[in-house]
Structure formats: C-alpha cells, structure tokens
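Asker: Each residue of the sequence shown is one higher than the one before, starting from 72 at the first, in the numbering used here.
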Amino acid sequence: MDESSLKHPQVHHMLPTSPPLAHPPLSSADPPQFEPCEVSVKDHIDTLNKECQCFFILVTGCSTALFAAIRRR
72 MDESSLKHPQ VHHMLPTSPP LAHPPLSSAD PPQFEPCEVS VKDHIDTLNK
122 ECQCFFILVT GCSTALFAAI RRR
C-alpha cells in the first residue's frame, strides 16, 4: 500500500510540470506564425477584390452589350 501511495504523488507532480513546459514553446511560436498568415490573408483579399472588380466590370460590360443587342433587334 505504501508503494502505491508513493507512486500516485509522483504522477500528480509530473502532470502539472508537463503543461508549463509545453506552453512556452507554443506561446513563443504563435506570434511569428500569425503575422505571415495575416499578411497573406490581406494579400489574398486584395487580389480577390481586384479579380471581383474585373469580373464585375466584365459582367456589366457583357450585360450592357447584350441589352444593347436585344434593344437593336
């Protein structure tokens, strides 16, 4: 019984020490990972906005041309 009671405190001591050891690397690695992602997302949004604007211009141009052709008939 004494051996089992001694083993349990060791397990409890090991569990609390493992999360603090695991957290600092994650917290230090988070900021560098987020900054490039934010920049890339902004770049993607900018390119998407440009593409959507071009697509919108093409659609409006084609639709106006179609309406003009329909009206001519």
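Glycine is no exception: its CB is placed at the ideal position from the N, C-alpha and C atoms.
Because the structure is a prediction, the values reported are computed rather than measured.
1) Alpha carbon to alpha carbon, what distance is there between THR118 and VAL112?
2) What residues in its chain sit with their C-beta under 8 Å from that of GLU122, if we drop five residues either side in the sequence?
3) In whole angstroms, what separates the C-alpha of SER134 from that of HIS115?
4) Per DSSP, what kind of secondary structure is ARG143 in: helix, strand or coil?
5) Between the C-alpha atoms of PHE138 and ILE128, what's the straight-line distance to the nearest angstrom?
Answerer: Answer, in terms of the structure:
1) 10 Å
2) Excluding sequence neighbours, GLU122 sits near nothing in its chain.
3) 28 Å
4) helix
5) 15 Å
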